[in-house]
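Working notes, beginning with the structure itself.
Here it is as structure tokens:
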């Protein structure tokens, strides 16, 4: 199975929360996708790095980053 497909499976099984969820806006939703469960997971995080590296292979960059709480695990997975 490709890293992309394995990552999709990991997201489906670990990150999708079904049922009544109250969002930070106060609105109610029937489901929520919490990708922190993926970027911080010991099995899924390396897949994030592999897929991101593949998606960015044609780009010329020297560094990756973003807002620290969300970007640090992704940047680490890409190293």
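Residue numbers (my numbering): 512 to 590. Every residue gets a Cβ at the ideal spot worked out from N, C-alpha and C, and that includes glycine. Every value quoted in this text rests on a predicted model; they were computed, and no experiment measured them.
Local conformation of residue i per DSSP, three classes
i, result
"residue 554", "coil"
"residue 583", "helix"
"residue 577", "coil"
"residue 537", "coil"
"residue 568", "coil"
Closest Cα partner of residue i within the set the options
i, options, result
"residue 586", "570, 569 and 561", "561"
"residue 530", "524, 539, 589 and 522", "539"
"residue 525", "584, 552 and 573", "552"
"residue 548", "519, 569 and 575", "519"
Same chain, Cβ closer than 7 Å to residue i, neighbours up to 5 away in sequence not counted
i, result
"residue 514", "558, 561 and 562"
Own chain residues within Cβ distance below 8 Å of residue i, not counting five before or after
i, result
"residue 581", "547 and 550"
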